[in-house]
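Enquirer: Numbering (the working numbering), first residue to last: 700 to 1042. Quick reminder that beta carbons are idealized off the backbone N, C-alpha and C, glycines included.
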Amino acid sequence: MANLSAYRTIVTLAAIVVIIAGLKYAAPLIVPFMLSAFISLLLSPLLHWLIKKGIPSPLAFFIVIILVFLLFVSVTGLITSHMADLFEHAESWQVTITENLKQVIFQLQKVGIDIDQELFFSMLQPQKLFTFTLSIIKNASLLLSNSFLIFFTVVFMLIESFSIKRKIRYLEKSGSPGLAHRIESFTVKLNHYFTLKAFTSLLTGLWIVAVLYMFDVPYPLLWGLGGFILNFIPVIGSIIAAIPPVLIALATSGFGDALWIGGWFLVINTVIGNLLEPKIMGRGLEISELVVFLSLVFWGWVFGKIGMLLAVPLTMVVKFAFETSESTRWIAVLLSDSAKNKK
């Protein structure tokens, strides 16, 4: 009996390794569909809200599709219009960033604060930070190449949302008791997370745009869009969002404005990330903070930057899958924020 149990464990672990390897290998194909599901989950509450308000289903669907189309066109236009100009100035801005930092070090040395320039630049590496900034824009532009595929996938996923409940009820009648209730509970949690996260991300993006307009930093709408998207990445998303505008401010306006903008980002992240989000989102995800951080690393390794963006919902899906079976429910408990009864 013990040998049989050990054999099952080994087979299960081997299957998990094979599945993970397959997901990583198929990432270029899977990522656009994951992103489509992400957008569909953001839009699904709006679609069903319009229907509840008495708008006929076809008309509500048409309104949402027009909104999706305008969203894709606007984002594509925003990124492409700024991308060429950004790369045109990239080399000169890198030089300016280095020169401005050297001036700051020189001023500090004049007041008696001695800083080793070589050590400072080897630790900070501003040119690598700026290259990282450009890589974020490049990755966003690569995603735009799949924009039509993502758009049509979103359309069909929204169409499917009208009939999915009937299919689940059929499966429940066919021998899966309680399936509809579990899926509905999980969907409510996921929609709750996406809706509130989208709201706080929108506030973050608008606040960033206002601050950057105030300091006359180039491409404020682009960095505001980046702040909106990156706010979905837990732990490090807000830090990544701050890097491009701070570096651009350092290149175009000097160290003083860059310091002010960095301070504003700290205020934005403190108010929205540490005060507003915990208050309105509560503890509905039931995932421990350690698991959230580890999921960020794991899904980022498997699916790249999109995996980091979707780390929390992907972990929620995995946790839900483990909860559906008695033999794997203990794994769901380990992923949870507390050892509550999952039955």
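To the nearest angstrom, how far is the alpha carbon of residue 729 from that of residue 857?
Expert: On the sequence shown, residue 729 is found 30 positions in, with the first residue counted as 1. On the sequence shown, residue 857 is found 158 positions in, with the first residue counted as 1. Roughly 18 Å separates the two Cα atoms.
Enquirer: Whole angstroms is fine: what's the gap from residue 925's alpha carbon to residue 710's?
Expert: On the sequence shown, residue 925 is found 226 positions in, with the first residue counted as 1. On the sequence shown, residue 710 is found 11 positions in, with the first residue counted as 1. Cα to Cα, residue 925 sits roughly 42 Å from residue 710.
Enquirer: Excluding the five sequence neighbours on either side, which residues of its own chain have a C-beta within less than 8 Å of the C-beta of residue 975, listed in chain order?
Expert: As a position in the sequence shown, residue 975 is number 276, starting the count at 1. The residues are 899 and 902.
Enquirer: What did DSSP end up calling residue 933 once you bin it into helix, strand or coil?
Expert: Here residue 933 is taken as the residue at index 234 of the sequence shown, counted from 1. In this structure, residue 933 counts as coil in the three-state DSSP scheme.
Enquirer: Nearest-angstrom Cα distance between residue 1030 and residue 715?
Expert: Numbered from its first residue, the sequence shown carries residue 1030 at position 331. Numbered from its first residue, the sequence shown carries residue 715 at position 16. Taking the straight line joining both Cα atoms gives about 13 Å.
Enquirer: Going by C-alpha to C-alpha distance, which of 775, 713, 894 and 883 sits closest to residue 745?
Expert: Counting from one through the sequence shown, the residue named residue 745 turns up at place 46. Considering only alpha carbons, the answer is 894.
Enquirer: May I have a chain-ordered list of the alpha helix (DSSP H) segments no shorter than 4 residues that lie completely inside the stretch 891-940?
Expert: Taking only runs of at least 4 residues, the alpha helix (DSSP H) segments lying wholly in the stretch 891-940 are 919-929.
Enquirer: Which same chain residues, not among the five before or five after residue 950, have their C-beta less than 6 Å away from its C-beta?
Expert: In the sequence shown, counting from the first residue as 1, residue 950 sits at position 251. So the qualifying residues of the chain are 792, 795 and 796.
Enquirer: Please work out which residues of its chain come closer than 6 Å, Cβ to Cβ, to residue 731, disregarding the five sequence neighbours upstream and downstream, and give them in chain order.
Expert: Numbered from 1 along the sequence shown, position 32 holds the residue referred to as residue 731. Hits under 6 Å: 845, 848 and 849.
Enquirer: Residue 737: which of 1022, 1019 and 1009 sits nearest, CA to CA?
Expert: Position 38 of the sequence shown, counted from the first residue, corresponds to residue 737. The residue with the shortest Cα to Cα distance from residue 737 is 1009.
Enquirer: So, for residue 930: in the same chain, excluding its five sequence neighbours on each side, which residues have a beta-carbon less than 6 Å away from its beta-carbon?
Expert: Counting from 1 along the sequence shown, the entry for residue 930 is found at position 231. Around residue 930: 900, 903 and 936.
Enquirer: Can you look up residue 732 in the DSSP assignment and give me helix, strand or coil?
Expert: Position 33 of the sequence shown, counting from 1, holds the residue named residue 732. DSSP places residue 732 in helix when its eight states are reduced to three.
Enquirer: Just reading off the alpha helix (DSSP H) that residue 809 is part of, what are its end residues?
Expert: Here residue 809 is taken as the residue at index 110 of the sequence shown, counted from 1. Looking at the DSSP string, the run of the alpha helix (DSSP H) that includes residue 809 is 756-809.
Enquirer: Can you find a C-beta in chain C that's less than 8 Å from the C-beta of residue 1005?
Expert: Here there is only one protein chain, and chain C is not present.
Enquirer: Would you mind stating whether residue 756 and residue 861 have Cβ atoms separated by less than 8 Å?
Expert: By 1-based counting over the sequence shown, the position of residue 756 is 57. By 1-based counting over the sequence shown, the position of residue 861 is 162. Contact flag set, yes.
Enquirer: Whose C-alpha, out of 1013, 1000 and 1021, is nearest the C-alpha of residue 647?
Expert: Nothing in the structure corresponds to residue 647, since the chain is present only between 700 and 1042.
Enquirer: Comparing alpha-carbon positions, which option in 933, 889, 1015 and 785 lies nearest residue 739?
Expert: Taking the sequence shown and counting its residues from 1, one reaches residue 739 at position 40. Of the candidates 933, 889, 1015 and 785, the one whose C-alpha sits nearest the C-alpha of residue 739 is 889.
Enquirer: Leaving aside the five residues before and after residue 932 along the sequence, list all residues of the same chain whose C-beta is less than 8 Å from its C-beta, in chain order.
Expert: Taking the sequence shown and counting its residues from 1, one reaches residue 932 at position 233. Result list for residue 932: 939, 995, 1007, 1008 and 1010, in chain order.
Enquirer: Can you tell me where the alpha helix (DSSP H) holding residue 964 begins and where it ends?
Expert: Along the sequence shown, one-based indexing puts residue 964 at 265. That run of the alpha helix (DSSP H) goes 954-967.
Enquirer: Under the rule that 16 or more other beta-carbon atoms within 10 Å means buried, what is residue 964, buried or exposed?
Expert: Sequence index remark: in the sequence shown, residue 964 carries index 265 (1-based). With 16 or more Cβ atoms within 10 Å of its Cβ, residue 964 is classed as buried.
Enquirer: Drop a sphere of 10 angstroms on the beta-carbon of residue 977, count the other beta-carbons inside from all chains shown, and report buried for 16 or more, exposed for fewer.
Expert: In the sequence shown, counting from the first residue as 1, residue 977 sits at position 278. Exposed is the call here.
Enquirer: Tell me whether the beta-carbon of residue 777 lies closer than 8 Å to the beta-carbon of residue 905.
Expert: Translated into positions along the sequence shown, residue 777 becomes position 78. Translated into positions along the sequence shown, residue 905 becomes position 206. Contact flag unset, no.
Enquirer: Where does residue 861 fall in DSSP's three states?
Expert: If you number the sequence shown from 1, residue 861 lands on position 162. Reduced to three states, the DSSP call for residue 861 is coil.
Enquirer: Could you check if residue 1002 is buried or exposed, using at least 16 other CB atoms within 10 Å of its CB as the buried criterion?
Expert: Working through the sequence shown from its first residue, we reach residue 1002 at position 303. Buried is the call here.
Enquirer: Using a Cβ-Cβ cut-off of 7 Å (strictly less than) and excluding sequence neighbours within five positions of residue 807, which residues of its own chain qualify?
Expert: To locate residue 807, count along the sequence shown from 1; it is residue 108. Counting only Cβ-Cβ distances below 7 Å, and skipping sequence neighbours, we find 814.
Enquirer: Looking only at C-alpha atoms, which of 742, 953, 946 and 1017 sits nearest to residue 986?
Expert: In the sequence shown, the residue the question calls residue 986 occupies position 287. The residue with the shortest Cα to Cα distance from residue 986 is 1017.
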